[in-house]
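First comes the structure, then the notes that go with it.
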Amino acid sequence: MTQTFLGLDAGGSGTKWVLLGADPQAAGRVAPLTTTLLPTPSGQAALQELKKALPAPPDAIWAGLPGLSAGSPKAYEVAQALAAALGVPVERVGVESDLDLAYSAHLQPAAGLLLYAGTGSIAYHRAASGEAFRAGGRGYRIGDDGGAASLGREALRWLTDQLDVGEQPSGPLPEELAAITGGLDWDTLRTFVYGTAGAASLARLAPAVSRAAGRGDGAALYLLQQAAGSLANLANRLQRQLGARDAALPVVATGGTLQSLPLQAALRQALPSVTIQFRDHARTAAEKASARL
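Its first residue numbered 204, the sequence shown is counted upward by one per residue in our numbering.
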């Protein structure tokens, strides 16, 4: 009997999954799941959504989640929770940091920098010795500039600045934002931002900025240039940490936010002397998780 292997790439904006061994192979996306969310009602709801989405129960699971260190007591707790929710023996469940999963999905140890922009943002490097180096990734309250939540926040800041001086915003960016928020008046915007899921609600606006930039909106293009500058700063900070021994390492740029073509172009301008490869992360990382089993 063919065994099925479930790979999970979990995060604050959504959880991507790939089921290998099924006929046909299946993949999808469910609600956000992080180490912090896992024991909460929303985390448990995400697991139940995942269970319903799977065409067949998996025989083994490998997952990458934010906030994990391989081999830690928390890692075992996460493995137990996944095992219980999906009906898999805990010894058939492997878990690791989402960053380690992402790095191994795209790079060999010491081969370059991972510049990741999803809901948040981080630059990450894994040395040949196994030592990890990072810049950023501090969460949306004190960092994550250039990620989707930051980009959504800056878009709303631009919008509310227009309202504060008595202007009625018009053009592609306000149109794209209104299509997601449901309106541009302050009551609607306040409910959207503060009545829903924090960083995740702000992150929903990032694609609207990209679409508006694609329509030639000057404000949206400026916001993406600012985001690119923040991401370039992360890469440069990490390059400085590594010093002359690893100078000018190539960069693999990935994550949902970096699928934006205007943002990619802006990042190339912000890092003109660095080799950058843009990669589609979600499926690659989930497949890599499956391959670890």
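By construction, the Cβ of each residue, glycine as well, lies at the ideal position given by its N, Cα and C atoms. Keep in mind it's a predicted model, so treat the numbers as computed, not measured.
Opening and closing residue of the beta strand (DSSP E) in which residue i lies
i	result
Arg-329	324-329
Ser-272	Counting along the chain, Ser-272 falls outside any beta strand (DSSP E), and DSSP gives it neither H nor E.
Asp-303	Unbroken run through Asp-303 is the alpha helix (DSSP H), 301-309; no beta strand (DSSP E).
Thr-218	218-223
Ile-345	Here Ile-345 belongs to no beta strand (DSSP E), and DSSP marks it neither H nor E.
Ala-335	335-339
Asp-212	208-212
Beta bridge counterpart(s) of residue i as assigned by DSSP
i	result
Arg-443	Note: Arg-443 sits in no beta bridge, so no partner.
Arg-281	Residue identity differs from the one stated: residue 281 is Val in this sequence, not Arg. Val-281 is not bridged to any residue.
Gly-297	Trp-265
Val-454	Leu-316 and Ile-479
Gly-231	Trp-220
Cβ separation of residue i and residue j, assumed to be a contact under 8 angstroms, to the nearest whole Å
i	j	result
Ser-216	Gly-459	6 angstroms
Val-477	Val-455	Actually they are not in contact, since the Cβ atoms of Val-477 and Val-455 sit about 11 angstroms apart, beyond 8 angstroms.
Ala-256	Gly-231	5 angstroms
Gly-267	Leu-304	3 angstroms
Gly-339	Ala-326	6 angstroms
Leu-271	Ala-278	5 angstroms
Pro-372	Leu-427	Pro-372 to Leu-427, Cβ: 18 angstroms. No contact.
Leu-461	Leu-452	No, Leu-461 and Leu-452 are not in contact; Cβ-Cβ is about 18 angstroms, not under 8 angstroms.
Ser-404	Val-412	Their Cβ separation, rounded to whole angstroms, is 14 angstroms, which puts Ser-404 and Val-412 out of contact at 8 angstroms.
Thr-237	Pro-276	At roughly 17 angstroms, the Cβ-Cβ gap does not stay under 8 angstroms, so Thr-237 and Pro-276 are not in contact.
Thr-322	Ala-438	Their Cβ separation, rounded to whole angstroms, is 19 angstroms, which puts Thr-322 and Ala-438 out of contact at 8 angstroms.
Thr-457	Arg-482	5 angstroms
Thr-207	Ala-284	20 angstroms between Cβ atoms; not a contact.
Pro-235	Thr-218	6 angstroms
Leu-318	Leu-359	Incorrect: roughly 25 angstroms between the Cβ atoms, too far for contact.
Leu-222	Leu-211	With a Cβ gap of about 10 angstroms, Leu-222 and Leu-211 do not count as contacting.
Leu-387	Leu-408	Not quite, the Cβ-Cβ distance comes to about 12 angstroms (not below 8 angstroms), so this is no contact.
Ala-213	Asp-301	7 angstroms
Leu-354	Trp-389	In fact, because the Cβ distance is near 21 angstroms, the residues do not count as touching under 8 angstroms.
Limits of the unbroken alpha helix (DSSP H) element including residue i
i	result
Ala-249	244-256
Asp-390	389-397
Gln-499	Nothing can be reported for residue 499, as the shown portion of the chain is limited to 204 through 496.
Asp-420	Segment: none, Asp-420 is in no alpha helix (DSSP H) and carries neither H nor E.
Gly-355	351-367
Tyr-405	Sequence inspection shows Leu at residue 405; the Tyr mentioned does not correspond to that position. From DSSP, the alpha helix (DSSP H) with Leu-405 extends over 402-406.
Ala-382	375-384
**Study point:** the stretch 375-385 contacting the stretch 413-426, beta-carbon criterion three pairs below 8 angstroms
**Key:** Yes, they touch.
Check your understanding: Just checking, does the stretch 349-361 make contact with the stretch 430-443 on the three C-beta pairs under 8 angstroms criterion?
Key -> The stretch 349-361 vs the stretch 430-443: in contact.
Review point. Any chance the stretch 306-313 sits against the stretch 289-296, with 3 or more Cβ pairs inside 8 angstroms?
Key: By the Cβ test, the stretch 306-313 is not in contact with the stretch 289-296, since fewer than three Cβ pairs between them sit closer than 8 angstroms.
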